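Below is one structure, written out as structure tokens; comments come after it.
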Amino acid sequence: METNSFIGKLHAHLFASQEEIPKLFNAKEQEMILRYRAAFTKWLAEPHLRDCQMINYLINEFSIKRSQAYTDLNNVKSLIGNVTMAGKEFQRYRANEMILQGFELAEKAKNSLDIKKAMTLIKAGEALSKVHKLESNDPEPSRWEDIVPMELEPSTDVSVIGRKPIENLDELKHKLRVKYGTEMN
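Numbering (this note's numbering), first residue to last: -9 to 175.
As structure tokens, then:
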């Protein structure tokens, strides 16, 4: 089975109806689709899950081997894109919701206990924002194709780096070998 064509087909038909799936995919591919759908929806519902948690979910839910779970996870990542960014957006949403809840509580406050609860919610939202560095912009990804490696050519000529060559270098090497020991290979 050629993986690239399967992933391409899967990308186009991941959420096709149950009637269409058998027409498009063989039995083994249908099992894979069920796993990919489950992982896809789980990760979208809980973007804060780490890779190891998703691996364990796939192993426990579908009774597959760890190596298969890693392969599935890699394919799911290619289907849904950068989940870490989704996770950051999810945390941003949570922090905003906490802060808004705090403001609503503060507006409806009837006593000092309600105000303390509101302040706690607001501070928790701010702390969540700080921990996940939500106030900072994400760095632009490096464009590797724009990086040009330096052209270097090895040389034994010291004048290349701006030094004066040593006169009678071979004679000096011979004297040093006689003085400090035998010739090294």
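Idealized CB from N, CA, C, for every residue including glycine.
Note that the coordinates shown come from a computational prediction; the quantities given were computed from them, not determined experimentally.
Backbone secondary structure at residue i - three-state DSSP
{"i": "Lys154", "result": "coil"}
{"i": "Pro144", "result": "coil"}
{"i": "Leu(-5)", "result": "Before going on, a small fix: residue -5 reads as Ser here, not Leu. Ser(-5) falls in the helix class under three-state DSSP."}
{"i": "Leu166", "result": "helix"}
{"i": "Val66", "result": "helix"}
{"i": "Ala114", "result": "helix"}
{"i": "Pro139", "result": "coil"}
{"i": "His122", "result": "coil"}
{"i": "Glu19", "result": "helix"}
{"i": "Lys106", "result": "helix"}
CB contact flag (residue i, residue j, <9 Å)
{"i": "Leu69", "j": "Phe52", "result": "no"}
{"i": "Leu124", "j": "Ala85", "result": "yes"}
{"i": "Phe93", "j": "His38", "result": "no"}
{"i": "Ala35", "j": "Ile49", "result": "no"}
{"i": "Leu78", "j": "Asp41", "result": "Residue 78 is actually Lys in this sequence, not Leu. In this structure, Asp41 does not lie closer than 9 Å to Lys78 by Cβ."}
Interface flag, residue i vs chain C, CB-CB below 9 Å
{"i": "Pro139", "result": "No chain C is part of this structure, which consists of one protein chain only."}
Supposed close pair residue i, residue j - CB separation, criterion 8 Å
{"i": "His3", "j": "Leu14", "result": "6 Å"}
{"i": "Phe(-4)", "j": "Glu21", "result": "The pair is not a contact, with the Cβ atoms about 12 Å apart (cut-off 8 Å)."}
* If you pair each beta-carbon of the stretch 141 to 156 with each one of the stretch 115 to 124, do three or more pairs fall below 8 Å? -> no
* **Segment contact, 8 Å Cβ cut-off, at least three pairs: the stretch 78 to 94 with the stretch 107 to 114** => yes
* To do: Starting from the N-terminal side, write out each stretch of the alpha helix (DSSP H) that is 4 residues or longer and does not extend beyond the stretch 27 to 63.
  => 41 to 52
* Asked: Do three or more CB pairs link the stretch 99 to 107 to the stretch 134 to 148 at distances below 8 Å?
  -> no
* Asked: How about the stretch 21 to 38 and the stretch 54 to 68: do they share at least three Cβ pairs that are nearer than 8 Å?
  -> yes
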